[in-house]
Amino acid sequence: MQSAYAEQFEREMGCTQAEWLMWLPAAIGAHQWQGEDQGAMVRIPPGVLRLQWHAGQARRIALVQIPRLHVRFRFEGLDAGQRLVFMKRFDLYMQRGGG
908 MQSAYAEQFE
918 REMGCTQAEW
928 LMWLPAAIGA
938 HQWQGEDQGA
948 MVRIPPGVLR
958 LQWHAGQARR
968 IALVQIPRLH
978 VRFRFEGLDA
988 GQRLVFMKRF
998 DLYMQRGGG
């Protein structure tokens, strides 16, 4: 987990668009959001988070194939502290691991 988040950044997620859309509501919590074509707008008073994504070529490691989704985050009207609070929760919900 990071200690600060820029107003704009990009990430590569190891999931399909369908998985991303299934996880997104839990990750944003009680915030209202509106889906768009390969994007979403999340209302985080007093501002918004705009998300845009597109599928990338799957990553292949031996016989394992991992889907890739490139996601762009753009915060508007939120200070560094507000971005940190939101992203801490978001990152916890989007975190995936194995055992």
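Numbering (the numbering used here), first residue to last: 908 to 1006. Don't be surprised by glycine CBs; every beta carbon is placed ideally from N, CA and C. A quick note: this is a predicted structure, and the numbers were derived from the prediction, not measured.
Exposed or buried, what is residue i when buried is set at 16 or more other beta-carbons lying within 10 Å of its beta-carbon?
i: residue 973; result: exposed
i: residue 925; result: exposed
i: residue 992; result: exposed
i: residue 951; result: buried
i: residue 985; result: buried
i: residue 947; result: buried
i: residue 935; result: buried
i: residue 956; result: buried
i: residue 971; result: exposed
i: residue 917; result: exposed
Secondary structure at residue i, three-state DSSP: helix, strand or coil?
i: residue 984; result: coil
i: residue 939; result: coil
i: residue 926; result: helix
i: residue 932; result: helix
i: residue 959; result: strand
i: residue 1006; result: Interpretation of residue 1006 is limited by its pLDDT of 46, a score under 50 that renders its predicted location unreliable; no figure is taken from the coordinates.
i: residue 945; result: coil
Would you list the residues sitting across from residue i in a DSSP beta bridge?
i: residue 972; result: 967
i: residue 890; result: Beyond the ends of the chain as shown, which are 908 and 1006, falls residue 890; an answer cannot be given.
i: residue 990; result: According to DSSP, which records beta bridges pairwise, residue 990 is partnered with nothing at all.
i: residue 1001; result: Residue 1001 pairs with nothing; no bridge assigned.
Does any C-beta atom of chain B lie closer than 8 Å to the C-beta of residue i?
i: residue 967; result: Among the protein chains of the structure shown there is no chain B, as only one such chain exists.
>> Measuring CB atoms only, is the region 983-990 touching the region 934-946, in the sense that at least three cross pairs come out at less than 8 Å?
In response: no
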